[in-house]
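Working notes for the structure below.
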Amino acid sequence: QQQVKQSPQSLIVQKGGIPIINCAYENTAFDYFPWYQQFPGKGPALLIAIRPDVSEKKEGRFTISFNKSAKQFSLHIMDSQPGDSATYFCAASGGAGANSKLTFGKGITLSVRP
Amino acid sequence: DTGVSQDPRHKITKRGQNVTFRCDPISEHNRLYWYRQTLGQGPEFLTYFQNEAQLEKSRLLSDRFSAERPKGSFSTLEIQRTEQGDSAMYLCASSFLQGAIDTQYFGPGTRLTVL
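Going line by line, the protein sequences match chains F and G.
For the first sequence, position 20 (counting from the first letter as 1) is numbered 20 according to the numbering used here, and the numbering increases by one without interruption.
For the second sequence, position 103 (counting from the first letter as 1) is numbered 1103 according to the numbering used here, and the numbering increases by one without interruption.
The structure is reproduced here in structure tokens:
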């Protein structure tokens, strides 16, 4: 049973476009939701994270929207650039206590065309 | 560079051999995690430490796997009698537990290939 599901599997946008990556989770005990960016041969790098007490969080060109009742959250990348071409993972955890391990989605490959 | 470091970055071994990986966390981070990532998948949790105590192990961590963090600083992950199915990227992450937030920062990973 996959606890965190991402969609779409891959995404191609033109430079300046706004790719939207969606994530759905099943475990209602999750209360921390980060997004990671990974380039080939590198480890995941934290982009932005949200907790369920807010519905939206923005950091630079990255915005997370969170819908607790639907158990969904999404990543929006404003003014996308070719350098944003990477694999993006959503993840979830039970927070800082005993359930702090991250459960990841399968990732989506984003290509930003010049 | 004050990020998480891992050594070696690449390891090629023959089936049946033992391998050991090292992770150095960000200084003063009290939690250290190990994950495994196979091609086309997200990282999967293996185990984690708070200081030197190993608090949780995944069912993925068979008897052939052992991890240590002897002084609450660096950690090692050993795989005994490697199998081809062990081929993967092994990722280490560290965090400093602060209130309700446990933000994990990942290292570059160790790519293991078992022939």
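C-beta: ideal position from N, C-alpha, C; glycine also.
Excluding sequence positions up to five away, which residues of its chain have a Cβ less than 6 Å from the Cβ of residue i?
| i | result |
| --- | --- |
| residue 1052 (chain G) | 1069 and 1072 |
| residue 65 (chain F) | 56 and 74 |
| residue 28 (chain F) | none |
| residue 72 (chain F) | 24 |
Out of curiosity, what's the CA-to-CA distance linking residue i and residue j?
| i | j | result |
| --- | --- | --- |
| residue 1080 (chain G) | residue 1013 (chain G) | 11 Å |
| residue 1049 (chain G) | residue 14 (chain F) | 43 Å |
| residue 1055 (chain G) | residue 85 (chain F) | 36 Å |
| residue 1106 (chain G) | residue 1035 (chain G) | 10 Å |
| residue 1093 (chain G) | residue 1115 (chain G) | 27 Å |
| residue 18 (chain F) | residue 1017 (chain G) | 48 Å |
| residue 1067 (chain G) | residue 1089 (chain G) | 16 Å |
| residue 87 (chain F) | residue 58 (chain F) | 20 Å |
| residue 114 (chain F) | residue 78 (chain F) | 15 Å |
| residue 1040 (chain G) | residue 9 (chain F) | 10 Å |
| residue 36 (chain F) | residue 1063 (chain G) | 30 Å |
| residue 110 (chain F) | residue 1100 (chain G) | 31 Å |
| residue 1102 (chain G) | residue 1095 (chain G) | 6 Å |
| residue 6 (chain F) | residue 1011 (chain G) | 31 Å |
| residue 32 (chain F) | residue 11 (chain F) | 25 Å |
| residue 100 (chain F) | residue 1033 (chain G) | 10 Å |
With C-beta atoms as the reference, is residue i less than 9 Å away from residue j?
| i | j | result |
| --- | --- | --- |
| residue 1074 (chain G) | residue 1046 (chain G) | no |
| residue 47 (chain F) | residue 62 (chain F) | yes |
| residue 1104 (chain G) | residue 34 (chain F) | yes |
| residue 21 (chain F) | residue 108 (chain F) | yes |
| residue 43 (chain F) | residue 1091 (chain G) | yes |
| residue 1037 (chain G) | residue 1024 (chain G) | no |
| residue 1022 (chain G) | residue 1076 (chain G) | yes |
| residue 1019 (chain G) | residue 1112 (chain G) | yes |
Report the CB separation of residue i from residue j in whole angstroms; it is logged as a contact under 8 Å.
| i | j | result |
| --- | --- | --- |
| residue 104 (chain F) | residue 1043 (chain G) | 5 Å |
CB-CB under 7 Å to residue i, same chain, minus the five flanking residues each way: which ones, in chain order?
| i | result |
| --- | --- |
| residue 4 (chain F) | 23, 25, 90, 91, 92, 103, 104 and 105 |
| residue 1008 (chain G) | 1110 |
| residue 112 (chain F) | 13, 15, 80, 81, 82, 84 and 85 |
| residue 1002 (chain G) | 1026 and 1027 |
| residue 1086 (chain G) | 1079, 1112 and 1114 |
By the DSSP assignment, the beta strand (DSSP E) with residue i in it spans what residues?
| i | result |
| --- | --- |
| residue 1007 (chain G) | 1005-1007 |
| residue 1031 (chain G) | 1031-1037 |
| residue 1002 (chain G) | Per DSSP, residue 1002 (chain G) belongs to no beta strand (DSSP E) and is neither H nor E. |
| residue 1104 (chain G) | Per DSSP, residue 1104 (chain G) belongs to no beta strand (DSSP E) and is neither H nor E. |
| residue 65 (chain F) | 62-67 |
| residue 1026 (chain G) | Unbroken run through residue 1026 (chain G): none, as it is neither H nor E. |
Grab me the residues of residue i's own chain with a C-beta within less than 8 Å of its C-beta, minus the 5 sequence neighbours each way, in chain order.
| i | result |
| --- | --- |
| residue 1097 (chain G) | 1030, 1031 and 1050 |
| residue 38 (chain F) | 44, 45, 86, 87, 88, 89 and 107 |
| residue 1058 (chain G) | 1044, 1045, 1046 and 1047 |
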